[in-house]
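Reviewing the structure listed below.
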Amino acid sequence: MRTFVFAIGGTGARVLRSLTMLLAAGVKGTSTKNEIIPIIIDYDVDNGDTNRTQDILECYQRIHRDAYKVEDEVEGRFFCTPVRKLKEIVKTTEEFNPNSKFEVYLGQENTNITFADHIRMSSLGGALQPTNDLLKALYDNSPEDSKTAELNLNLEKGFKGCPNIGCVVTRALENSLEIQQFLNNVTPFDRIFIIGSIFGGTGASGIPMLLDLIREKEDLNSVPVGILAVSPYFKVSRDVKSAIDSDTFCAKTKAALDAYDLGKSVNTLADAVYYVGDEKVEESFPNHEGSMEQKNEAHLVEMVGAMCVIHFMNEDKNEFHMGEQDAAFYELGMTSTDSPIGYLSFKNETRYQFIDPMVRFVMFNKFCRDYMLVKGEGEKNDTWLRNTGLSADNKGKKELDTFIGYFNDWIKELGGTKRPVTLFRPESQYIDLYYDIKTAEKGFFGKPSALVSSESIRKELAEQWKKETDNGKKTPYNGRPWFFFFQSADRVMNETVSGLFKNKENSHLTTTD
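Using the numbering used here, the first residue of the sequence shown is number 53, and each one after it goes up by one.
As structure tokens, this is what we get:
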């Protein structure tokens, strides 16, 4: 099954970033048969959030393709979910811009113009002058450098929180190559998920635009469509020169919600709607209107939004209304929303599906950086590492190390001051790797005794290799070292973490919802 995931604007890109981290961790619901095709839409073509997310997605792609084949049937393992670009699923790619990645390619020639130029306002003279006058009445005609500018707003950095501009501009995207190719290639066996904020300009206007395009095509009426509508979850610092003003977020959200509830709108045309936001907005992000400077730190809401994508991918199709009634709505189970958010803040079901696999992945990353990726360390001690060819695959090891760096940055940002999620300390020693999960017990004289180490993991991996190869007599998985490593490592991490949970030091983690 394929799921087309539209990520609109900066918020969409950041949720997609979090989704990639959950895919790498092999959370429940990931599978080699659950393919994801991300499509990013952002008029701010140099947006820092978008560029970072595309780099992460491409790194993930390379790691997945080194390990897995199309015919593999694997569920819930590290990096097991295929991620493909739209241009990789079409019959011909000649028309695609060679510089395009996962985005709807717009280019400077289509974005470095004013809104008035986009709607060709200068041509509305003579008999069309009344239309020109109407537009001046509807849109602010202040100069481009004014924070209230609308007609003269340069679209180079997006719509700057103006959905009344976004709804006009995004509608023109239906003629883009990428959207046309998407509409021509999606089938009734696929699913579609649309992510966007509803307190700005790009997402609030892009969600209904895409939904309309999909439902206007008769043969796509049976395709399940899910929506992630993100309400305010951060503020930006006040800047008298900026068009972005946090004080307007709530009013814009209410307007979007009212519009989505109208007949033949989002709540009736979609099959599943996830509303996610955070009322406990405390500290502010720097006020960057767009471009490379807009690279916000990861946030709890984005991680929860990524969980919604995976939930939608795996939800029984019979749970969707399929045009017979309003969309299905969902809530995430949490025991507490007080800061900081920790392991016990999530209900058992959420921990089992999402958090526990991340616990295993953090331990895997620790082992890789402390041992497996260290040049020469494994070659001296492990026949399994040398004989599989992993020790000599410097390119593959570099890709994995790069992704671990991306993941650790994401975890550290989540644990920051904006809305702290304190689950992991990814660059600490094993004894301090987790906030709530104990990885040591009291030994003699009260000194902590580690329950896990690189040495204990190494020994378990060596045992796995012996089993798979009949003590080195056969080659596992037809000589596919990364496939062998991810499968074996996932099993070892699972057994190790299960042992931690059973230890008396972690009895506090056993809860009932």
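Ideal Cβ positions, reconstructed from N, Cα and C, are used throughout, including at glycine. No experiment lies behind these values; they were computed from the predicted model shown.
- Ranking Phe-372, Gly-394 and Val-282 by CA distance to the CA of Ile-60 puts Val-282 first.
- Burial is judged here by how many other beta carbons sit within 10 angstroms of a residue's own beta carbon; Pro-195 has fewer than 16 and is exposed.
- DSSP, read as helix, strand or coil, puts Arg-136 in coil.
- Judged by pairs of C-beta atoms under 8 Å, the region 269 to 280 does not touch the region 385 to 399, as fewer than three such pairs exist.
- A Cβ-Cβ distance of about 7 Å is found for the pair Asp-242 and Thr-55, placing them in contact under the 8 Å criterion.
- Burial of Ser-70 is indicated by the presence of at least 16 other C-beta atoms within 10 angstroms of its C-beta.
- Of the candidates Glu-367, Leu-176, Ser-317 and Glu-451, the residue whose Cα lies closest to the Cα of Cys-420 is Glu-451.
- By the Cβ-count criterion, Arg-172 is exposed, with fewer than 16 other Cβ atoms from all chains shown falling within 10 Å of its own Cβ.
- The C-beta separation of Ala-76 from Phe-459 comes to about 7 Å, placing the pair in contact by the 8 Å criterion.
- Lys-470 counts as buried, since no fewer than 16 other beta carbons sit within 10 angstroms of its beta carbon.
- Secondary-structure assignment with DSSP links Pro-90 through a beta bridge to Val-57.
- Partner residues in the beta bridge of Tyr-326, as assigned by DSSP, are Leu-280.
- In the structure shown, Phe-419 adopts helical secondary structure according to DSSP, grouped into three states.
- Sorting Asp-101, Thr-84 and Glu-123 by C-alpha distance to the C-alpha of Pro-134 places Thr-84 at the top.
- Distance from Phe-58 to Ile-247 at the Cβ level is roughly 7 Å; contact confirmed, criterion being Cβ atoms closer than 8 Å.
- When the beta-carbon positions are compared, Ile-463 and Phe-455 stay at least 8 Å from each other.
- For Gly-255, DSSP records no beta bridge to any residue.
- A direct Cα-Cα distance of roughly 7 Å separates Ser-506 from Tyr-423.
- Given a length threshold of 3 residues, each whole run of the beta strand (DSSP E) inside the region 460 to 504 is given here in chain order: 492 to 494 and 500 to 502.
- With fewer than 16 other CB atoms across the displayed protein chains lying within 10 angstroms of its CB, Glu-401 is exposed.
- Taking each of Arg-510, Ile-115, Tyr-157 and Trp-436 in turn and checking the Cα distance to Ile-93, the smallest one comes out for Tyr-157.
- Distance from the CA of Ile-244 to the CA of Thr-72, rounded to the nearest whole angstrom, comes to 17 Å.
- When C-beta atoms of the region 477 to 486 are compared with those of the region 402 to 409, fewer than three pairs fall below 8 Å, so the two segments do not count as touching.
- Taking all protein chains shown into account, Glu-354 has 16 or more neighbouring C-beta atoms within 10 Å of its C-beta and is therefore buried.
- Between the beta-carbon of Ser-317 and that of Pro-260 there is about 6 Å, and that keeps the pair under the 8 Å contact cut.
- Here DSSP, grouped into helix, strand and coil, assigns Glu-507 to helix.
- In this structure, Phe-154 places its C-beta atom within 8 Å of the C-beta atom of Gln-106.
- For Gly-357, the enclosing alpha helix (DSSP H) starts and ends at 352 to 366.
- Here DSSP, grouped into helix, strand and coil, assigns Arg-66 to helix.
- The DSSP-derived three-state label of Ser-174 is helix.
- Per the DSSP secondary-structure output, Ser-397 pairs with nothing in a beta bridge.
- Counting along the chain, Ile-231 sits inside the alpha helix (DSSP H) bounded by residues 229 to 237.
- The alpha-carbon of Ala-322 is positioned some 54 Å away from that of Asn-523.
- Excluding the 5 residues flanking it on each side, Met-545 has same chain C-beta neighbours closer than 6 Å at Arg-412, Met-415 and Phe-416, in chain order.
- Excluding its 5 nearest sequence neighbours in each direction, Ile-115 has C-beta neighbours in its own chain below 7 Å: Phe-131, Glu-451, Leu-452 and Phe-455, listed in chain order.
- The C-beta distance from Arg-129 to Phe-538 rounds to 6 Å, short enough to fall under 8 Å.
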